[in-house]
Amino acid sequence: MQPAQTQQMLCAAEWLEGIELPNGWKVTAKTAKSSTGGCFSVPYFVERQNGKNRQTAFLKALNFRQILVEKDIAKAMEQHTRAFNFEKETLELCRDKKLSRIATLIDAGQYTPKNSLIPVAYIIFELAKGGDARKQLAALKKFDLAWTLRTLHQVAVGLNQLHGGGIAHQDLKPSNILFYEAFGAKIGDLGCADTADKPSQSPRGHLIIPGDPQYAAPELWYEHRSSDWKTRRLGSDHYLLGNLVMFFLSHGSSFNAIFKGKIAAQHRPLNWPHDYRSVLPYLNNAFDETLEEIQATLPKSLQEKIIEILRWLCHPDPSLRGHPKDISQVHGNQFNLQRIISAFDLLAEKAEHNILDY
Amino acid sequence: MAAANENADRQVVPQWRTFKEALNNGELGSPSTRKVKAIDPSPFIQEKEADWKANKALPFALDLISAAVVFDVKTPVVAEAAEFLLASSGQVHEIGVKLAKSVLGIHETVSGENLPQSRIQIVNALKQQKARRINQPRNAFVWTDLARLYTILGQVTQARAAIRVALALEPNERFVVRSTARFLHHIKAYDEALSLLRRNPKTSEDPWLLAAETAASAAAQTSPRFAKTGLQFLEKRDINPFHTSELASALATLEMRSGKHRHSNKLFAQSLHKPTQNALAQAVWATKIAGLSALNPELLSRANASEAITLDFYNRGAWKELIEAADKWAKEEGFSARPFGIASSIASSLLDQADLGEKIADNGLLVNPKNPVLLNNKAFAQVLQNKPESAAKTLLGLDLDSVDTPSKVCLMATTGLIFFRRGNATEGRLMYEKAISLTNDPILRALASLYLASEDAALGNKAAFNEFKRAFHAAQKLQTTNIPAIAEHIAPRVQQLAAQQGINLDLVKEQKPFRFEGDFLDFNAKNAKKPTA
Chain V
1 MQPAQTQQML CAAEWLEGIE LPNGWKVTAK TAKSSTGGCF SVPYFVERQN
51 GKNRQTAFLK ALNFRQILVE KDIAKAMEQH TRAFNFEKET LELCRDKKLS
101 RIATLIDAGQ YTPKNSLIPV AYIIFELAKG GDARKQLAAL KKFDLAWTLR
151 TLHQVAVGLN QLHGGGIAHQ DLKPSNILFY EAFGAKIGDL GCADTADKPS
201 QSPRGHLIIP GDPQYAAPEL WYEHRSSDWK TRRLGSDHYL LGNLVMFFLS
251 HGSSFNAIFK GKIAAQHRPL NWPHDYRSVL PYLNNAFDET LEEIQATLPK
301 SLQEKIIEIL RWLCHPDPSL RGHPKDISQV HGNQFNLQRI ISAFDLLAEK
351 AEHNILDY
Chain D
1 MAAANENADR QVVPQWRTFK EALNNGELGS PSTRKVKAID PSPFIQEKEA
51 DWKANKALPF ALDLISAAVV FDVKTPVVAE AAEFLLASSG QVHEIGVKLA
101 KSVLGIHETV SGENLPQSRI QIVNALKQQK ARRINQPRNA FVWTDLARLY
151 TILGQVTQAR AAIRVALALE PNERFVVRST ARFLHHIKAY DEALSLLRRN
201 PKTSEDPWLL AAETAASAAA QTSPRFAKTG LQFLEKRDIN PFHTSELASA
251 LATLEMRSGK HRHSNKLFAQ SLHKPTQNAL AQAVWATKIA GLSALNPELL
301 SRANASEAIT LDFYNRGAWK ELIEAADKWA KEEGFSARPF GIASSIASSL
351 LDQADLGEKI ADNGLLVNPK NPVLLNNKAF AQVLQNKPES AAKTLLGLDL
401 DSVDTPSKVC LMATTGLIFF RRGNATEGRL MYEKAISLTN DPILRALASL
451 YLASEDAALG NKAAFNEFKR AFHAAQKLQT TNIPAIAEHI APRVQQLAAQ
501 QGINLDLVKE QKPFRFEGDF LDFNAKNAKK PTA
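Top to bottom, those sequences are chains V and D.
With our numbering applied, the first sequence corresponds to residues 1 to 358, in that order.
With our numbering applied, the second sequence corresponds to residues 1 to 533, in that order.
Here it is, written out as structure tokens:
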């Protein structure tokens, strides 16, 4: 076989437009970019006749183009395949557990193109017509407090559903919050997730920062890994949720950008050779200053509660993350999001009934 | 007489700054350098740049800007997004505007930390700090700054309670431990300060705490436990010399006290490679004590080291400039009695501005109401303004047994002066003589003898002129102190009184003070002139 032919086969996922898949889906167009992330796949829109209705969805096809540049092709292929399978299996788990706030897996399968010996594996999700959080905010144009609080409530519910299923998301960020017409927000892209039953064994589970470092919790910048999986992974998810709170309330800024500005140069990760514990007093101070700055930008009616929530979610000390009552209870679950969900629900209710001044 | 300012026991006790000041001075960094690998931000930035280019909407711009701030990256696309945000600033959240400005290098004019100056300002600052304490109850630095404000206001009990909370929250952190040690030094709980530093597991590995332990040991009149460790620390090559400046200075002082001048001078020189303000002040103080050459004033003003500048003016006999510098020092270290002590003494003794001397002492007494040095200086200034009754009232109720010997000597001499000015020369003389007999310190003896002879001379006592001559010559031998300057300041009046009685009072001045020519001198010579381009 010629090298060009091999390359074409490995990259068959890139030429699926117009193809009819065995399970009735028709690939209509390639999308500009996957809103569910992942560099190992090619994203497409697909559609299928469902009774009288035409159902549109989103397809991710496993692509091997990237591995062609890798030194160890066999290992790279194994890693790509493992990551793809991990995401598929995790999504199947979410579907089976009926996690309503997680982007739903509709279908999965494989297709062998005519001129290729290697089949293309794919997964199909429900299509987020509203796009991701950034697109949704851009479409909204004007800040809508009730919508913002309700969205945060929905995201918190989604994260809690994942945690309840023993899954830590690890890459919760604006581009992974997807919007569905009537249903609202769902969490997508489980490619960086880690599971409690096989801790650190997921494709990115062994990495200190499995997701986008822009949003990562401060302990991860300092390469601090708690030996406790819950503290390490669920604590990190709490922090990512806090980042999203700031993203939605400030129409796009990340908590970390403000926080980083408050940390003195001498205490930043590249200048700190000691353990995380020893830099924590300075980070705690920077955190307090960050909250002070954020508080000044919030409407009075929200200040107390939002600052309180940010303190629960984003505390630099992972052992102090979570609701204080959950932390202090002897047999409590420190990373139980229920109280935070209730807090957002109450705030959203108030905003929806115009009880909150804004 | 005003209290002698020849502080024979200056130690490198930590300076108690606000947390923000200590942070800005770089005192809270790590002496050694880094370990973690830098994250390569390019894939993340490129992804967000692509999203921004494809959508050109505010949330995408903000997401990109936030990433640029977090990763400390600036690309043309990032700058374009930041400009887009600023152009639409009416629709952008104020945090977004701030981030965009920071990316473009537009820094809002942030005035430096304004230290509260007047008592009202300090009280207001305390009020604000109390509010912060409620919002940030687990922030040890807030509690430490609160303790500092209480200390400035002289509320020691409240200060102690606040510092205790800070220490409970962060028992090993450098700023908290050093501030606590400074506070304990302030309230003269020397043993407690030493015990705190010795108990701390971080002391043996932190040059800042090692320096504090060395100074606290000297204050508690015991040998430092970690001197050897400290010397080993100074030999490490991979440590930023700023972080070992105070340690070198503290060990230099220790060596100086043991008479090992060559080693001491080397250590002082080492302390000046990248000096802290405290190390500079110590070096300036040491120049006079050890008879070393003066420090390059440029070095002092560059470092904005107000205590060092004050001591330097003192060494140079620049009395008017000293008053100004001491004022700045007092504002920075508001709880310390020393800047008030030195300035009030100089104003009364050498500038003939007893009213100013009284005012300065009064300001110092607001913070340190029972400080014997300040009470003495206030009383001395009052006597010089012909208010001996007020001076007597100032000293009323002061328990002489509770003060240290040098202060006691000064207080007794001032009491003698009060008696003289009230017309009771016999009692006055007796008090002066008692004061002189109390001490073997040649500085105090010379000073008291000078004032006693001067008062006696004013009463026309012929024998007093000879006494004055003897005291004057004794003072001239103390060339590493400012006693000769005081003697020369008093002399013209006594010479005039002698001339009125037909006595020729011939006073011989020493020409040159002794100077130690060693490494320290070489270091200064090298740093005195910067090479020109």
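Idealized CB from N, CA, C, for every residue including glycine.
Legend entry - C-alpha distance - Glu433(D) paired with Asn440(D), whole-angstrom precision: The residue given as residue 433(D) occupies position 433 in the second sequence. The residue given as residue 440(D) occupies position 440 in the second sequence. Their backbone Cα atoms lie some 13 Å apart in a straight line.
Legend entry - Amino acids of chain V, ordered along the chain, whose beta-carbon sits closer than 7 Å to that of Val69(D): Position 69 of the second sequence holds residue 69(D). Near Val69(D) (Cβ distances below 7 Å), the residues of chain V are Ala257, Lys260, Gly261.
Inset, instruction - Would you mind stating whether Leu244(V) and Val155(V) have Cβ atoms separated by less than 8 Å? - result: For the purposes of this step, residue 244(V) is taken as residue 244 along the first sequence, with counting starting at 1. For the purposes of this step, residue 155(V) is taken as residue 155 along the first sequence, with counting starting at 1. Against a cut-off of 8 Å, the Cβ pair of Val155(V) and Leu244(V) comes out as a contact.
Inset, instruction - Establish whether the CB of Thr33(D) and some CB of chain V are separated by less than 8 Å. - result: What you label residue 33(D) is simply residue 33 of the second sequence in a count that begins at 1. Chain V, which has a Cβ nearer than 8 Å to the Cβ of Thr33(D), makes this yes.
Inset, instruction - Assign Ala343(V) to one of two classes, buried (16 or more other C-beta atoms within 10 Å of its C-beta) or exposed (fewer than that). - result: As a first step, residue 343(V) is located in the first sequence; it is residue number 343 there, counting from the start. Answer is buried; the Cβ neighbour count reaches 16.
Inset, instruction - Identify whether Phe84(D) lies in helix, strand or coil by the three-state DSSP scheme. - result: Numbered from its first residue, the second sequence carries residue 84(D) at position 84. Residue state, collapsed to three classes: helix.
Legend entry - Interface partners of Asp63(D) on chain V, CB under 7 Å: Working through the second sequence from its first residue, we reach residue 63(D) at position 63. By Cβ distance, chain V contributes Arg134, Pro174, Gly252.
Legend entry - Ala138(V): contacting residues in chain D (beta-carbon distance under 8 Å): Locating residue 138(V) in the first sequence gives position 138, counting from the first residue. The answer, in chain order, is Asn55, Ala57, Leu58, Pro59, Phe60.
Legend entry - Terminal residues of the beta strand (DSSP E) in which Pro43(V) lies: Residue mapping note: residue 43(V) aligns to position 43 of the first sequence, counting from 1. Residues 41-50.
Inset, instruction - For the region 193-223 of chain V, enumerate the residues whose C-beta is nearer than 8 Å to any C-beta of chain D, in chain order. - result: Ile209, Asp212, Pro213, Gln214, Trp221, Tyr222, Glu223
Inset, instruction - Name, going along the chain, the residues of the region 114-143 of chain D whose beta-carbon falls closer than 9 Å to a beta-carbon of chain V. - result: Arg132, Asn135, Gln136, Arg138, Asn139, Ala140, Phe141, Val142
Inset, instruction - Please determine, among Asp144(V), Gln170(V), Pro199(V), the residue with the shortest C-alpha to C-alpha distance to Leu356(V). - result: The sequence position of residue 356(V) within the first sequence is 356, counting from 1. The shortest Cα separation from Leu356(V) among Asp144(V), Gln170(V), Pro199(V) belongs to Asp144(V).
Inset, instruction - Can you pull the chain V residues whose beta carbon is under 8 Å from the beta carbon of Leu28(D), in chain order? - result: Mapped onto the second sequence, residue 28(D) falls at position 28. Result: Ala264, Gln266, His267, Tyr282.
Inset, instruction - State the DSSP-derived secondary structure class of Glu427(D), mapped to helix, strand or coil. - result: In the second sequence, counting from the first residue as 1, residue 427(D) sits at position 427. Looking at Glu427(D) - three-state DSSP - the assignment turns out to be helix.
Legend entry - Interface residues of chain D facing Pro119(V) [CB-CB closer than 7 Å]: Counted from its first residue, the first sequence places residue 119(V) at position 119. In chain order: nothing, as chain D lies at least about 29 Å away.
Legend entry - Contact list for Ala38(D) against chain V, beta-carbon separation under 7 Å: Along the second sequence, read from residue 1 onward, the residue named residue 38(D) stands at position 38. Going along chain V in sequence order, the residues near Ala38(D) (Cβ under 7 Å) are Leu270.
Inset, instruction - Find out if the Cβ-Cβ distance for the pair Phe259(V), Ser253(V) is shorter than 8 Å. - result: Taking the first residue of the first sequence as position 1, residue 259(V) is located at position 259. Taking the first residue of the first sequence as position 1, residue 253(V) is located at position 253. Cβ distance not < 8 Å, so Phe259(V) and Ser253(V) don't count as in contact.
Inset, instruction - Leaving out five residues on either side along the sequence, give the residues of the same chain with a beta carbon under 8 Å from the beta carbon of Gly317(D). - result: As a first step, residue 317(D) must be located in the second sequence, where it is residue number 317. Asn482, Ala485.
Inset, instruction - Determine the direct distance from the alpha carbon of Ile19(V) to that of Arg54(V), and round the result to whole angstroms. - result: Counting from 1 along the first sequence, the entry for residue 54(V) is found at position 54. Counting from 1 along the first sequence, the entry for residue 19(V) is found at position 19. Taking the straight line from one Cα to the other gives about 17 Å.
Legend entry - Where the region 148-161 of chain D meets chain V: residues whose CB sits under 7 Å from a CB there: none
Inset, instruction - Give the DSSP-derived three-state secondary structure of Asp326(V) in the structure shown. - result: Sequence index remark: in the first sequence, residue 326(V) carries index 326 (1-based). In this structure, Asp326(V) counts as helix in the three-state DSSP scheme.
Inset, instruction - Please confirm if Thr297(V) has its CB atom under 8 Å from at least one CB of chain D. - result: The count along the first sequence starts at 1 and reaches residue 297(V) at position 297. Interface residue, yes.
Legend entry - Below-8 Å beta-carbon distance, Ser66(D) vs any chain V residue: Residue 66(D) sits at position 66 when you count from the first residue of the second sequence. Interface residue, yes.
Legend entry - Own chain residues within Cβ distance below 7 Å of Ala286(V), not counting five before or after: Taking the first sequence and counting its residues from 1, one reaches residue 286(V) at position 286. Phe259, Lys262, Ile263, listed in sequence order.
Inset, instruction - Just mark Pro406(D) as buried or exposed, buried being the case when its beta carbon has 16 or more other beta carbons within 10 Å. - result: For the purposes of this step, residue 406(D) is taken as the residue at position 406 of the second sequence. With 16 or more other Cβ atoms within 10 Å, it is buried.
Inset, instruction - Leaving aside the five residues before and after Lys215(V) along the sequence, list all residues of the same chain whose C-beta is less than 7 Å from its C-beta, in chain order. - result: Taking the first residue of the first sequence as 1, we reach residue 215(V) at position 215. Correcting the residue identity first, residue 215(V) is Tyr in this sequence and not Lys. Only Lys173, Leu240, Asn243, Ser254, Asn256 meet the Cβ criterion.
Legend entry - 8 Å Cβ cut-off: residues of chain V touching Ser102(D): On the second sequence, position 102 is the one that residue 102(D) refers to. Neighbours of Ser102(D) on chain V, chain order: Gly261.
Inset, instruction - Give a yes or no on whether the minimum CB-CB distance between Leu184(D) and chain V is below 8 Å. - result: For this step, residue 184(D) is matched to residue 184 along the second sequence. No, Leu184(D) lies away from the interface with chain V (no Cβ there is under 8 Å from its Cβ).
Legend entry - Whole-angstrom distance between Pro210(V) and Ala196(V), CA atom to CA atom: The count along the first sequence starts at 1 and reaches residue 196(V) at position 196. The count along the first sequence starts at 1 and reaches residue 210(V) at position 210. Roughly 15 Å between the two C-alpha positions.
Inset, instruction - Specify the secondary structure class of Gly230(D) as computed by DSSP and reduced to three states. - result: Along the second sequence, one-based indexing puts residue 230(D) at 230. Reduced to three states, the DSSP call for Gly230(D) is helix.
Legend entry - Three or more C-beta pairs below 8 Å linking the region 47-64 of chain D and the region 80-92 of chain D: yes
Inset, instruction - Pick helix, strand or coil for Phe19(D), following the three-state DSSP scheme. - result: On the second sequence, residue 19(D) is found 19 positions in, with the first residue counted as 1. Reduced to three states, the DSSP call for Phe19(D) is helix.
Inset, instruction - Could you work out which residues of chain V lie near Ile546(D), taking near to mean beta carbons separated by less than 7 Å? - result: Because chain D in this structure spans residues 1 to 533, residue 546(D) falls outside the shown range and cannot be described.
Legend entry - Option in Gln277(D), Leu234(D), Phe233(D), Ala286(D) with minimal Cα separation from Gly259(D): Here residue 259(D) corresponds to residue number 259 of the second sequence, with the count starting at 1. For the residues Gln277(D), Leu234(D), Phe233(D), Ala286(D), the minimum Cα distance to Gly259(D) belongs to Ala286(D).
Legend entry - Through-space distance from Leu310(V) to His153(V), alpha-carbon basis: As a working mapping, residue 153(V) is identified with position 153 in the first sequence. As a working mapping, residue 310(V) is identified with position 310 in the first sequence. Going from the Cα of His153(V) to the Cα of Leu310(V) covers about 14 Å.
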